[in-house]
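Worksheet: one structure, shown below.
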Amino acid sequence: MTLTLVSGGTAGSSSIVRRLAAAAAALVLALGLSSCSFLTSFDDLSSEPAAGTLEAALDDLVSTESFADDGTEHILSGEINSRGQAVGYHSTALGDLASGEVVPGTQSAQDGHGLYKAQVVVDGTGKTSNDGYSTFFPDAWTAQQVVDAINEAYASRVSSGDGGYDGVTSGGISVHMYLDDFGLVVTAYPVMEY
Numbered sequence: 001m002t003l004t005l006v007s008g009g010t011a012g013s014s015s016i017v018r019r020l021a022a023a024a025a026a027l028v029l030a031l032g033l034s035s036c037s038f039l040t041s042f043d044d045l046s047s048e049p050a051a052g053t054l055e056a057a058l059d060d061l062v063s064t065e066s067f068a069d070d071g072t073e074h075i076l077s078g079e080i081n082s083r084g085q086a087v088g089y090h091s092t093a094l095g096d097l098a099s100g101e102v103v104p105g106t107q108s109a110q111d112g113h114g115l116y117k118a119q120v121v122v123d124g125t126g127k128t129s130n131d132g133y134s135t136f137f138p139d140a141w142t143a144q145q146v147v148d149a150i151n152e153a154y155a156s157r158v159s160s161g162d163g164g165y166d167g168v169t170s171g172g173i174s175v176h177m178y179l180d181d182f183g184l185v186v187t188a189y190p191v192m193e194y
C-alpha cells in the first residue's frame with residue numbers, strides 16, 4: 001500500500017513541507033506501508049484524457065473561458081439533459097467522437113454561409129425540441145473555428161428579448177445563444193439566412 005500526500009507548494013512553505021515529509025515518513029513506518037510519495041500540488045494528481053476521446057478533443061480547445069462547463073460539449077457533441085431529452089449538437093466537427101448524429105435525409109439546403117438544419121439523434125435519442133432539428137455551423141469548420149465564431153458573436157451580443165442573446169461573427173453569421181447566471185454560454189447555434 002502507498003500513502004500519497006499533497007502539499008500546496010507555495011513559496012515560503014519549505015519548512016512546512018519538510019515537517020510534512022518527516023511526518024509522512026513516520027506514518028509510513030508506523031502503518032507498515034510499502035512506500036510514500038509526496039506531491040507538490042493537486043495538479044500532479046490530474047490525468048490527461050485519453051487521446052482520441054471526446055474529452056481529449058474538448059480539452060484541446062482554447063479560448064473557452066466564455067463557455068459554461070458543458071457548453072462546448074452541448075454545442076459540439078450534443079447531450080441528453082436531466083429530463084432525458086436530446087439537446088444541442090450544432091457542429092459535425094468532432095465526427096464520430098460526438099454523441100450526436102444527423103438523421104440521414106433530413107439535411108436542408110445550405111445558406112450562403114454553409115449553414116443548414118437537420119434532424120438529430122443524440123446517443124440514440126431523437127431530439128424533440130424545434131421539431132427535432134438543430135442548425136449547424138459549416139461542416140468544413142473545425143471545432144476550434146466553431147468556438148472562435150461563438151466567441152466573436154459573444155463579444156457583440158445584444159439581448160434578443162426571449163432570454164437569449166444574438167451576436168454576429170466577423171464573417172457575418174448570426175449566432176443565437178443562451179447564457180447561465182454567470183454570463184457563460186450554455187448553448188449557441190447559427191441562425192440561417194433564408
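Numbering-wise (UniProt numbering), the sequence shown opens with residue 1 and increments by one.
Cβ coordinates follow ideal geometry from the N, Cα and C atoms, glycine included.
Please read these numbers as outputs of a predicted model, since none were measured by experiment.
Taken in chain order, the complete beta strand (DSSP E) segments of 3 or more residues contained in the stretch 67-104 are 100-102. In the structure shown, Leu58 adopts helical secondary structure according to DSSP, grouped into three states. Taken through DSSP and simplified to helix, strand or coil, Tyr194 comes out as coil. Ranked by how close their Cα comes to the Cα of Ala98, the residues Glu55, Ala51 and Tyr194 have Glu55 in first place. Put simply, the stretch 74-94 touches the stretch 120-137. At least three CB pairs are less than 8 Å apart. Rounded to the nearest whole angstrom, the CA to CA distance from Asn81 to Gln144 is 24 Å.
With distances taken between CA atoms, Ala153 lies nearest to Leu184 out of Gly124, Thr125, Leu184 and Asp123. Here Gly132 carries a helix assignment [DSSP, helix/strand/coil].
Setting aside the 5 residues that flank it on each side, Ser170 is surrounded in the same chain by Glu152, each with a C-beta closer than 8 Å to its C-beta; the list follows chain order.
Per DSSP, Ala118 is one residue of the beta strand (DSSP E) stretching across Tyr116 to Val122. Rounded to whole angstroms, the separation of the alpha carbons of Tyr116 and Thr106 is 10 Å. The beta-carbon separation of Val175 and Tyr194, rounded to 16 Å, does not stay under the 8 Å limit for a contact. One alpha carbon belongs to Val168, the other to Val122, and they sit about 27 Å apart.
Per DSSP, Asp148 is not a residue of any beta strand (DSSP E); the alpha helix (DSSP H) it occupies stretches across Ala143 to Ala155. Beta-bridge partners assigned by DSSP to Thr187: Tyr178.
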